[in-house]
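Engineer: Once you've had a glance at the structure underneath, I'll fire off some questions.
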Ligand SMILES: [Zn+2]
Ligand SMILES: [Zn+2]
């Protein structure tokens, strides 16, 4: 089981299952919403994701026709996003998890959208858009 929270602690959550398909996403949306070179996201079954407190502190932002991002209205921490086409899944922002996690990132994605000042290093596979199978 994993625990997580936003920066101010108003939103507390837990994950009772595993985290799959962890990727470092370098797309422009992820860069802007995180304010950094990339976002590290993974997939959790919606039934394994539980908000323990502060659900009313989450604000939704509809970032595209099919996707909504949820963040803390006090401190701005991004927590999850949900896709209309995959209601049984939640995409979790790995930085919001406060436990050590067992799973590891599998790839860098949207590398053609990376910031021109970023150099991607390491041995993980790099994909120009989504990883294969999405
Ligand atoms: Zn907060
Ligand atoms: Zn992205």
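In the numbering used here, the protein residues as written are 171 to 304. Idealized CB from N, CA, C, for every residue including glycine. Source: prediction; values computed, not measured.
1) In angstroms, rounded to a whole number, what distance separates the CA positions of residue 236 and residue 254?
2) Give me whichever residues DSSP pairs with residue 248 in a beta bridge.
3) Just how far apart, CA to CA, sit residue 192 and residue 303?
4) Check whether the region 223-233 touches the region 258-274, taking contact to mean three or more Cβ pairs, one atom from each stretch, closer than 8 Å.
5) Out of curiosity, what's the CA-to-CA distance linking residue 283 and residue 207?
6) Using the beta carbon as the reference atom, which residues fall closer than 5 Å to any heavy atom of ligand 1, ordered along the chain?
7) With 16 as the cutoff for other CB atoms within 10 Å, does residue 286 come out buried or exposed?
8) Nearest to residue 260 by alpha carbon, out of 194, 243, 190, 205?
9) In the DSSP output, which residue or residues are listed as bridge partners for residue 263?
Structural biologist: According to the data block:
1) 5 Å
2) 241
3) 13 Å
4) no
5) 10 Å
6) 176, 178, 180, 242, 244, 245
7) exposed
8) 190
9) 211
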